[in-house]
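Number of protein chains: 2
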Amino acid sequence: MGAHHHHLHQGESLREAAAQQLKARGEQWTEMRAAVFEALAEFDKPASAYDIAEAVSKRLDRRIAANSVYRILDLFVTTNLAMRVESANAYVANAHPGCLHDCIFLICDNCGSTSHIDDDKLSSGVRDAAAAAGFEAVRPVIEVRGKCGTCD
Amino acid sequence: MGAHHHHLHQGESLREAAAQQLKARGEQWTEMRAAVFEALAEFDKPASAYDIAEAVSKRLDRRIAANSVYRILDLFVTTNLAMRVESANAYVANAHPGCLHDCIFLICDNCGSTSHIDDDKLSSGVRDAAAAAGFEAVRPVIEVRGKCGTCD
DNA sequence: CTATCGAATGTGATATTGTAACTCGTTCGA
DNA sequence: TCGAACGAGTTACAATATCACATTCGATAG
């Protein structure tokens, strides 16, 4: 099995872990970045950059352009604080920053909720299959569209 | 191994196979659909709906709106004549219509070229992992971003 | 202390991707 | 021959993403 334990964070603890992670990379943990991260973490579904821009605008009580949000989301994705759900053009916070996986998203087409599982055996299988085809895998995108348990 | 043989089509033969496949589904093979399919098949990379609209406009020497192309691409995707590459917001023709797979795309971030492999073992592994998490998989999206053999 | 340098953010414009609503003409069967 | 179904055209619009350039602000060399 590819199962293993993570140190899962939430709320205050998650914010703190994210801040540490970013600083460890030599990046700053600014108010803007904190606001984007918190807004992202509070969504229970993948959020688009525009969703986040709106949430942050309310939170800070001034208009934040999508532009700025994209910049920060890109940073978060490269530093593993967030992940992009390609098939939804949206983003989710990483509940265990510091832990690197090729994660597998399960996206419910009915309610939009998204969970993710890590299965290193599967993802390395994908990487191996790519390698066997003479392709150097950098970022596997494994997402499953379907119906979640509560939408049956 | 999940390897197996396909009847690969190309050019005239591919067009013909696509037409048959669509008609078998009770859909019409119209001039417009043929033009979209041929334009799509001639791209050596995933093509966006707008790329195709432009190509078809030239081919037919009149303006074709992206709108119409989307309708036809949607039809192609549901009938397995084409597939959508989620991480590229683009489409590719299916070189073996009639044969149904969860296919795995390998997309080169350098040159944009895309190949695809079928590995039923891997994709069923993904489906099983989803099922184990209480999720009913409908459409697995497995795409690998990286560097292709000729871009090393 | 001040000059200045670079990182972060702001701002507005624009490009790209994707839908909706409505129309018209053709086909095909009742 | 009527009309329902379908393919396609057209316009408008919504959602997603990027670009170029201006401004702010903190760190630090002088």
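Here the protein sequences line up with chains A and B, keeping their order.
Last residue of the first sequence: number 1007 in this note's numbering, and the count goes up by one each step with no gaps.
Last residue of the second sequence: number 1007 in this note's numbering, and the count goes up by one each step with no gaps.
Each residue gets a CB set at the ideal place from its N, CA and C atoms; glycine is no exception.
Spatial distance of Gly-989/B from Ala-943/A (CA atoms):
Translated into the one-based positions of the second sequence, residue 989/B becomes position 134. Translated into the one-based positions of the first sequence, residue 943/A becomes position 88. Distance between the alpha carbons of Gly-989/B and Ala-943/A is about 21 Å.
In chain order, what residues of the segment 989 to 1003 of chain A put their CB closer than 9 Å to some CB of chain B?
Gly-989, Phe-990, Glu-991, Ala-992, Val-993, Arg-994, Pro-995, Val-996, Ile-997, Glu-998, Val-999, Arg-1000, Gly-1001, Lys-1002 and Cys-1003
Within 7 Å, strictly: CB atoms of Ser-903/A and Ala-948/A:
Taking the first sequence and counting its residues from 1, the one referred to as residue 903/A is at position 48. Taking the first sequence and counting its residues from 1, the one referred to as residue 948/A is at position 93. Taking 7 Å as the Cβ cut-off, Ser-903/A and Ala-948/A do not qualify as a contacting pair.
At a cut of 8 Å, does the segment 868 to 886 of chain B reach the segment 951 to 960 of chain B through at least three beta carbon pairs?
yes
Is DSSP giving Ser-998/A helix, strand or coil here?
By one-based count along the first sequence, residue 998/A stands at place 143. One point to set straight first is that residue 998/A is Glu, not Ser, in the sequence displayed. Looking at Glu-998/A - three-state DSSP - the assignment turns out to be strand.
Proximity test, Gly-1004/A beta-carbon vs the ligand FMN heavy atom, cut-off 6 Å
In terms of ligand content, the structure shown is empty, and the ligand FMN therefore cannot be addressed.
Interface residues of the segment 898 to 928 of chain B facing chain A [CB-CB below 7 Å]
none
Could you work out which residues of chain B lie near Asp-974/A, taking near to mean beta carbons separated by less than 7 Å?
As a working mapping, residue 974/A is identified with position 119 in the first sequence. Correct list: Ala-984.
From Asp-899/B, Glu-886/B and Lys-900/B, pick the residue whose C-alpha is nearest to that of Val-924/B; which is it?
Taking the second sequence and counting its residues from 1, the one referred to as residue 924/B is at position 69. The shortest C-alpha separation from Val-924/B is found at Glu-886/B.
By a C-beta neighbour count over all protein chains shown, 10 Å radius and 16 as the cutoff for buried, is Gly-1001/A buried or exposed?
Against the first sequence, residue 1001/A aligns to sequence position 146. The residue in question, Gly-1001/A, is buried, as its Cβ has 16 or more Cβ neighbours within 10 Å.
Please state whether the Cβ-Cβ distance between Ile-997/A and Ile-972/A is less than 7 Å.
Along the first sequence, one-based indexing puts residue 997/A at 142. Along the first sequence, one-based indexing puts residue 972/A at 117. No.
Ser-942/B by DSSP, collapsed to three states: which one?
Position 87 of the second sequence holds residue 942/B. Three-state DSSP puts Ser-942/B in a helix.
Can you grab the Cα-Cα spacing for the pair Ala-987/B / Ser-970/A, in whole Å?
As a working mapping, residue 987/B is identified with position 132 in the second sequence. As a working mapping, residue 970/A is identified with position 115 in the first sequence. Rounded to the nearest angstrom, the two C-alpha atoms are 13 Å apart.
On the three-state DSSP scale, how would you describe Leu-955/A?
Translated into positions along the first sequence, residue 955/A becomes position 100. Note: Leu-955/A maps to coil in three-state DSSP.
Of all the options Ala-985/B, Ala-992/B and Asp-974/B, which has the alpha carbon lying nearest to the alpha carbon of Arg-982/A?
Looking up residue 982/A in the first sequence gives position 127. Looking at the Cα atoms, Asp-974/B is the closest of the given residues.
Run the CB neighbour count on Ser-868/B, radius 10 Å, all protein chains shown included, and call it buried at 16 or more, exposed below.
Counted from its first residue, the second sequence places residue 868/B at position 13. So Ser-868/B ends up on the exposed side.
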